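Numbering (my numbering), first residue to last: 160 to 344.
Cβ coordinates follow ideal geometry from the N, Cα and C atoms, glycine included.
Quantities reported herein were computed from a predicted structural model and do not represent experimental measurements.
This report refers to the structure that appears directly beneath it.
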């Protein structure tokens with residue numbers, strides 16, 4: 160419209176109806192743009208509210224997630240590991256946050272899901288404090304061949320956070336994405 164005014168002959172007048180129609184169209188377009196931005200802001204706020212509601216609902220509940228690092232909470236750290244076939248030998252190694260081995264023992268070698276709960280007492284008899292501990296599973300079959308183990312952790316949700324833009328649950332010092340939760344009790 161401004162371009163039209165610039166190139167308009169001085170002796171020609173603008174049709175009032177056309178001018179009014181163009182102004183109305185520009186005003187409607189501006190309103191649509193503003194509405195789109197407002198809807199986007201509302202959508203983001205609803206998404207954050209949805210996480211807050213869902214995240215808060217996990218507080219105090221035990222959840223299961225894929226991973227090998229579990230929290231030592233209320234005197235135990237809990238994992239599950241899956242073996243595709245029966246193992247002749249299973250060695251469970253627990254390391255602290257610095258990678259130091261604090262416990263080593265044997266585990267169940269049954270095919271399928273096996274649970275392991277560590278009581279926080281190291282192989283040397285020392286009692287370890289709350290924190291994050293990592294489990295590694297070394298399994299071999301009757302022929303001495305290495306077997307793969309899939310690990311999951313269990314822990315009680317102590318906090319929920321979405322300030323980083325992603326939904327995160329805290330399990331006593333261990334952070335997991337809310338999307339990684341496999342089960343919650």
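Give me the Cα-Cα distance between residue i and residue j, rounded to the nearest whole angstrom.
i, j, result
"residue 196", "residue 217", "32 Å"
"residue 256", "residue 232", "15 Å"
"residue 177", "residue 184", "10 Å"
"residue 267", "residue 285", "24 Å"
"residue 334", "residue 294", "16 Å"
"residue 258", "residue 278", "18 Å"
"residue 320", "residue 246", "40 Å"
"residue 191", "residue 179", "18 Å"
"residue 236", "residue 338", "21 Å"
"residue 316", "residue 253", "21 Å"
Quick check on DSSP: helix, strand or coil for residue i?
i, result
"residue 241", "strand"
"residue 322", "coil"
"residue 315", "strand"
"residue 282", "coil"
"residue 149", "Coverage of the chain is limited to positions 160 through 344, which leaves residue 149 absent and any answer about it impossible."
"residue 270", "coil"
"residue 346", "Since the displayed the chain opens at 160 and closes at 344, residue 346 lies outside it and no answer follows."
Taking the alpha-carbon of residue i as reference, which of the options has the nearest alpha-carbon?
i, options, result
"residue 244", "304, 313, 282, 281", "304"
"residue 241", "310, 339, 251", "310"
"residue 340", "253, 220, 225, 182", "225"
"residue 342", "301, 269, 228, 220", "220"
"residue 297", "193, 191, 338, 250", "250"
"residue 369", "229, 188, 189, 181", "With the chain represented from 160 up to 344, any question about residue 369 goes unanswered, as that position is not in the structure."
List the whole-angstrom C-beta distance separating residue i from residue j, where the pair is believed to meet the contact cut-off of C-beta under 8 Å.
i, j, result
"residue 318", "residue 325", "In fact, because the Cβ distance is near 14 Å, the residues do not count as touching under 8 Å."
Bridge partners of residue i, per DSSP?
i, result
"residue 263", "252"
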